[in-house]
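Here is the structure we will look at.
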Amino acid sequence: MKSFSHSLRLRFGGLCYQNVLTAMRYYIKRPSEDTRFFLFFNVNRFFLGSAPGLVPGQLGKYFSPDLRGDIYDFDLATMPVIDPGHLEEFYYEYLDLILPYRTGGLELGSEGTYEKFGLYVHEKDVVIDAGANMGLFTAYALNRGAGEVHAFEPVEENFEILKKTIAVNLLGERVVPVKKALSQAKETASISAKGTSSSLVMMKEGDALEEIQTIALDEYVEEQGLERVDFIKADIEGAERLLLQGAMKTLGKFKPALAICTYHLPDDREVLTELILKANPAYEIHYTTHKLYAR
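Remember, the working numbering sits 1120 above the position in the sequence shown when you count from 1.
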């Protein structure tokens, strides 16, 4: 009985349940197709343990292939139709990136938008997308007016989807896809190949490993002859500190805006803050539950 009671408390006190309550509040206060999708998504996650296979209502058109049959058209960005096994991670990306734009800043995702506290992708910006994954942020940034995006994605399966995303958005020379991971040095490394959760530093016994190439951002900037870096987005599963260790010159010289995930390792916030201020003490840093924003 105690075990059942404990399980019940965990079930109704956990993050999934809290997300359902948050989604219900959003939908009651601001009923729309977007908040309905957020509610539908989290109810499915709580009761079924997975993301919905179908999207309800008018918003469902965004997750239906267009007449060409090979893309999802989200107005702001276009994505190639992907394998159903990737849908859940795709929904999270959509909630974090596209819905805040569609709803005028309402954050419905689990991690939150990359634009906050006065940090925005501006016209002609040179953007570094560390952990580009399927390319949704890359497409988003370029459709917001960025001049160019250097999109780093080391995992083969994700990189192939990234290239398709570049193609269907007709982004051409404005994006440079880089099949490497940003780290503190140029070397060969092993990464756990787990879709969006692939990591250089958080590997478990039994994980499938993929051999990849890494490079320091400072070295990449020099090799490419970049005259500026304006915005760095990073979601690289605990390797954010390695990225910063290899980007000290870039932060000191260009002081790019930073939107970096801080939830992968327990001391992320403290370690990343220390590295940023060591590289450039002029940074002003703000925090949310899952990210830091520096400018």
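Idealized CB from N, CA, C, for every residue including glycine.
Where the alpha helix (DSSP H) through residue i begins and ends
i              : result
glutamine 1344 : 1337–1344
lysine 1373    : 1368–1374
threonine 1285 : 1276–1288
leucine 1364   : 1360–1365
Environment of residue i [buried if 16+ CB atoms lie within 10 Å]
i                  : result
glutamine 1365     : buried
leucine 1141       : exposed
glycine 1251       : buried
glutamate 1235     : buried
glycine 1238       : exposed
phenylalanine 1166 : buried
glutamate 1331     : exposed
leucine 1329       : exposed
isoleucine 1148    : exposed
proline 1305       : One point to set straight first is that residue 1305 is alanine, not proline, in the sequence displayed. By the 10 Å Cβ count, alanine 1305 comes out exposed.
alanine 1402       : exposed
tyrosine 1214      : buried
proline 1151       : exposed
glutamate 1273     : buried
lysine 1411        : buried
histidine 1270     : buried
DSSP-derived helix/strand/coil call for residue i
i                  : result
phenylalanine 1167 : helix
alanine 1259       : helix
asparagine 1400    : coil
glutamate 1394     : helix
proline 1220       : helix
phenylalanine 1237 : coil
aspartate 1154     : helix
leucine 1385       : coil
histidine 1201     : As written in the sequence, residue 1201 is valine, which differs from the histidine given in the question. Here valine 1201 sits in coil by DSSP.
arginine 1348      : coil
leucine 1291       : coil
arginine 1145      : helix
asparagine 1253    : coil
glutamate 1213     : helix
Residues bridged to residue i [DSSP beta-bridge criterion]
i              : result
histidine 1270 : Ile1248 and Val1296
leucine 1196   : BP columns for leucine 1196 are empty, so no partner.
leucine 1412   : Ile1380 and Tyr1407
alanine 1309   : Ile1332
Closer than 7 Å to chain D by CB, residue i
i              : result
aspartate 1193 : The structure shown contains no chain D; it holds only a single protein chain.
The beta strand (DSSP E) enclosing residue i, as first and last residue numbers
i            : result
lysine 1353  : 1351–1354
leucine 1302 : 1301–1303
Between the segment 1252–1268 and the segment 1284–1301, are three or more C-beta pairs nearer than 8 Å?
-> Between the segment 1252–1268 and the segment 1284–1301, the count of Cβ pairs shorter than 8 Å is three or higher; the stretches touch.
Does the count of Cβ pairs from the segment 1298–1311 and the segment 1355–1370 closer than 8 Å reach three?
-> yes
Are the segment 1276–1286 and the segment 1335–1342 touching by the rule of at least three beta carbon pairs closer than 8 Å?
-> no
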